[in-house]
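A short worksheet on the structure shown next.
Numbering (the working numbering), first residue to last: 1 to 574.
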């Protein structure tokens, strides 16, 4: 079947499944339906052959199976898949979050900007109206107060008049559209810098929130919230792991536990743990950025105070760059505020996907299952075998890596998100953390860790056998494709339903046949050694500017008013 025809069939199947679910009172996102289609087709117990065209009876069977699974409200696997789809649809890198945030701001400003740049104002009333629009634009772009608040408007107008008096509108109107847009952005930054300086001097700053102080309070609070959630899911994971580990050695107990879906519940909390760790890592990055920016803000304000100290007029070439730097810093504070809000919301929205645990495993049931069981943390398990290293001399055909002999050892991308491959394959899907100190196996340019030396030796004898077992297990539990990062192994399946959800973070319209596909690894993102990301704008191109602002030091009034004095020589005089 041609790809376009196959895609059309899949879209129709997804639509039919969605309608069936809606008829039962369950509204299911198309992305979740698409993933479920893939999960059902992959599961060998359902008997679908991905190499041949689906018959009419195949389609009916597929729709029925998908609807049944999507309506099963008491299934940890479905909760995990929903969680994965939600996170993939709503999380991306901080750079992409901010890029999208700035794009939204630009789109909201586009109509205001267009009104200004398209203006053909001539008479006094039109020019005054245009100037008011520029003030509104400056306030909207800077995000420092409402353009409907008279006090804020007066302050912004005074700051704008000191660098761009209304008499310069005539020159502004002769510029090209692109140059007008550039000047509007530059004026916004300069006015923002002036208002921030006035605020610091106690002579202005109406409607400007103390973002550094807000962030210094919000970041620890958000960190604490994520930490508490992370601790809760880890404790749950450790308890499930202990019970399943005991069951792995007791076939009768294992059979008794089957209806409880304890293994699926473990996958659920482990997936949530991974997402919370990603969020926590981003919050730590925010904290590092804010700490650095606060120091930069203090330095810029101090430099500005020294520049204007005991001077009645200061060259714009000296103060404008500092105003712009202040504005860029404040934009970065605003960005971090947005990021913290997004990350906090993500954490909150993960909680509903853990709802089945109390239903399936109330404390009374857990206490019975935990009777005689020792619950161990991941750290405890790793410490137990910290000295049990692989003896390289025992192997001739495979390569082992160790922290003391391998550069960037902690940066290696471990398969199965760092869980022990041998244990997972041989104990019906039990997830135990691998211990890199035992030795990391390098096999076909991929890296594997194990929880004991015996597990490492057994896997190394026949890696392909265990890799195949894990692949087959993932077909039966589709949430493992995301949890263990097995996307590459399943790329050949129903390719026409492939779509990358990471790009969809805030867009309302999704493709009808999207499904899950991520390329993240077991490592937490390292903090970046970069300075504040800020927009750079070119300054006005005039010959040897000799423009001064008088009155920056302020006088007796509460608000500082500056007057710009232009001493630049005309072009024909230079």
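Note that CB positions come from ideal geometry on N, CA and C, so glycine has one too. All of these numbers come straight from a predicted model, not from anything done at the bench.
- In the displayed model, residue 311 falls within coil according to three-state DSSP, outside both helix and strand.
- Rounded to whole angstroms, the gap between the alpha carbons of residue 178 and residue 444 is 54 Å.
- With 16 or more neighbouring CB atoms inside 10 Å of its own CB, residue 84 falls in the buried class.
- Cβ-Cβ distances below 8 Å link residue 17 to 28, 33, 36, 37, 63, 66, 67, 70 in the same chain, with the five nearest sequence neighbours on each side left out; the list follows chain order.
- For residue 399, the enclosing beta strand (DSSP E) covers residues 399 to 401.
- Note that the C-beta distance between residue 207 and residue 149 is below 8 Å.
- Separation of residue 78 and residue 271 (C-alpha to C-alpha, rounded to the nearest whole angstrom) is 12 Å.
- Rounded to the nearest whole angstrom, the CA to CA distance from residue 93 to residue 342 is 12 Å.
- When DSSP states are grouped into helix, strand and coil, residue 484 belongs to the coil group.
- If you keep only unbroken alpha helix (DSSP H) runs of at least 4 residues inside the segment 363 to 451, you get 363 to 369, 378 to 384, 421 to 426.
- Taking 8 Å as the upper bound for CB-CB distance, residue 153 and residue 191 are not in contact here, some 12 Å apart.
- Bounds of the alpha helix (DSSP H) holding residue 170 are 169 to 173.
- Excluding the 5 residues flanking it on each side, residue 200 has same chain C-beta neighbours closer than 6 Å at 301, in chain order.
- Excluding residues up to 5 positions away in sequence, 195, 204, 206, 559 lie with their Cβ nearer than 7 Å to the Cβ of residue 155 in the same chain.
- About 6 Å separates the beta carbons of residue 421 and residue 459, which is inside the 8 Å limit, making them a contact pair.
- For residue 91, the secondary structure class from DSSP, reduced to helix, strand or coil, is coil.
- Take residue 74, set aside five residues on each side of it, and the residues of its chain with a beta-carbon closer than 8 Å to its own are 356, 359, 360, in chain order.
- In the pairwise beta carbon analysis, the segment 478 to 486 is classified as not touching the segment 433 to 444: fewer than three pairs are separated by under 8 Å.
- Annotation for residue 459: the continuous alpha helix (DSSP H) segment containing it runs 453 to 461.
- Note on the segment 18 to 87: whole alpha helix (DSSP H) runs with a minimum of 4 residues are 30 to 42, 56 to 70, in chain order.
- In the DSSP annotation of this structure, residue 260 is not part of any alpha helix (DSSP H), being labelled neither H nor E.
- 241 is the residue among 187, 114, 241 whose C-alpha sits nearest the C-alpha of residue 378.
- DSSP places residue 334 in the uninterrupted alpha helix (DSSP H) bounded by 316 to 350.
- The beta carbon of residue 376 is closer than 7 Å to those of 238, 242 in its chain, skipping five residues each way along the sequence.
- The segment 315 to 323 makes no contact with the segment 216 to 227, as fewer than three CB pairs between them are under 8 Å.
- A direct Cα-to-Cα measurement between residue 181 and residue 293 gives close to 28 Å.
- The closest CA to that of residue 140, considering only 365, 331, 363, is found on 331.
- One alpha carbon belongs to residue 278, the other to residue 347, and they sit about 10 Å apart.
- Taking residue 389 as reference, the option from 457, 367, 336, 337 with the minimal CA-CA separation is 457.
- Residue 337 sits close to residue 211, with the two beta carbons spaced by under 8 Å.
- In the displayed model, residue 195 falls within a helix according to three-state DSSP.
- Rounded to the nearest angstrom, the gap between the Cα atoms of residue 384 and residue 56 is 56 Å.
- Per DSSP, residue 160 is one residue of the alpha helix (DSSP H) stretching across 150 to 163.
- Cβ contact annotation for residue 114 (same chain, cutoff 8 Å, sequence separation greater than five): none.
- Taking C-beta atoms as the reference points, residue 304 and residue 319 count as a pair closer than 8 Å.
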